[in-house]
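In what follows, a single structure is set out as structure tokens and then discussed.
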Amino acid sequence: MKVIKKIFNVLLILIGIIFIVLCADIIVNKTVKTDFDSLSATDRQAIAEICDIVALFDDKKGNSDIWDINYNLYKTGCVIAREHGSLRGRCYLINADANDKIFAQNIKLPDDYDDISVCRFSFCTPGFLELFNPSLKEGFISVNGRYTYYSKYDVSTVKYNGTGSLEESFVKNTFAAALDSPDQPQSIYNASFSLDEENIALTGLQYRIIDDLLAADVSDDIDELLFEYVTVREYQYSLHPDYTETQEHIELAEGRVQHIFYNISTYTGRNITYFNKEKTDSITFYSAYHYLCTGLYNSDVSEYFDHTGNVYIGAALCEVLRDFDLCKNWEKKLDNSTNTDFTCQYYLIKDYCNKHCTESKAALDDIKRAYNYNEILSMAKALVEGNGAE
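Heads up, the working numbering is the position in the sequence shown plus 15, with the first residue counted as 1.
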């Protein structure tokens, strides 16, 4: 009995300590550093990144410089939390109502963010405990009975200009949610297709052509490049239809959102472009292909060719559609794509090519010679033989 009594007393003491700590944290959250300027530099930077994006879209409603549609980010909101568990900081709910009167505290923001709300939550807030899991970087969490997107940040992600940044995760997921509808095509992740050397090499050949398209000036005659691109892609489809169909869905669902992120970065001054590099960097699609095939690029090769590369291609094709005015209302056409009436960036480009590239005569073999396909194929072969890609 004495042993049981001692255990009971210890448990009472532990419960008492935990209760005191939780109460202290709630009080501190309610009373200490409740204005923006008093927060840590990392927290201020993280909040400012999100607020700048929300303010930007409020200012640019319906502006086709970003995307030709009126997104209302005031209906979404997000949660951001310090990396390594909320004990290192607090969780912040941005631009969404917080009905919680115990665990939430409004943060007074500068006048520049007067129309945006930020609430800080105590680390012991019920429902937020999953954020202690270090393996969770982003996802959805229930706030006031509504699933709200969350992402974690630390000193690096609020200053890093590439994939994994707080800004990118917010933009991509917020707009993916805004674009989502029950009838809209979704990305296909588990399709069955062969990632053999020829499939990889044909993708590399397309990378060469896309680089030339992105480097072309609006005054250049790009019909020949578009014809080459469509020719190679149609040939790849004849050999690997499952792969190209998967590619089309990823380009539509995620490529356009990536393109929106690039456009936003221009306004926020971070100038994000492909492959996580600033626009002053010389990396291209084909140099990334070279890095992947030779093992110099730190990436999961199969995942890249299955998915990541197609996201970038979708964004690049959006850029081509916009820069060369290939299709009127192309953004709306992509947004209106459905499972029964499917369209994607490539379909719009192919339609333009079929109507306007009638003078282009280059055959597939000519295109291969022009872009040194043997080199592209040899790199794909070395990749497959060295890494066991299938």
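For each residue, glycine too, the CB sits at the ideal point set by N, CA and C.
With respect to the C-alpha of residue 398, the residue from 308, 325, 336 and 334 having the closest C-alpha is 308. Here the alpha carbons of residue 303 and residue 333 stand approximately 20 Å from one another. Non-local C-beta neighbours of residue 370 in its own chain, meaning closer than 6 Å and more than five positions away in sequence, are absent. From the listed residues 166, 281, 81 and 264, the smallest Cα separation to residue 327 is found for 264. Three or more Cβ pairs closer than 8 Å define a contact, and the stretch 237-253 falls short of that threshold against the stretch 352-359. Just so you know, the alpha carbons of residue 29 and residue 39 end up roughly 15 Å apart. The continuous alpha helix (DSSP H) containing residue 330 extends over residues 324-338.
Distance check between residue 300 and each of 216, 148, 233 and 23 places 216 closest, using alpha-carbon atoms only.
The three-state secondary structure of residue 242, taken from DSSP, is helix.
Residues of the same chain with a CB within less than 8 Å of the CB of residue 157, apart from the 5 flanking positions on each side, are 142 and 163 in chain order.
Here residue 169 has 98 as same chain residues with Cβ atoms under 6 Å from its own Cβ, once five neighbours each way along the sequence are excluded.
At a Cβ-Cβ threshold of 8 Å, residue 137 and residue 44 count as neighbours. Residue 322 and residue 48 have their alpha carbons spaced roughly 43 Å apart. Contact between the stretch 66-75 and the stretch 115-122 is absent: fewer than 3 CB-CB pairs across the two stretches fall below 8 Å. Scanning its chain for C-beta atoms nearer than 7 Å, with the 5 sequence neighbours on each side dropped, one finds around residue 222 the residues 300, 301 and 304, in chain order. In the three-state scheme derived from DSSP, where H, G and I count as helix and E and B as strand, residue 55 is classed as coil. For a cut-off of 8 Å, the C-beta gap from residue 269 to residue 181 is around 18 Å, too long to register as a contact. From the listed residues 74, 27 and 231, the smallest Cα separation to residue 283 is found for 74. Beyond the five residues adjoining it in sequence on each side, residue 173 comes within less than 7 Å, by CB distance, of 57, 60, 61, 64 and 181 in the same chain, given in chain order.
Residue 316 and residue 273 have their C-alpha atoms roughly 20 Å apart. Between the alpha carbons of residue 80 and residue 266 lies a distance of about 20 Å.
Residue 157 is bridged by DSSP to 162. Where residue 300 is concerned, the enclosing alpha helix (DSSP H) starts and stops at 300-309.
Taking a C-beta distance under 8 Å as the contact criterion, residue 335 and residue 210 do not qualify as a contact pair.
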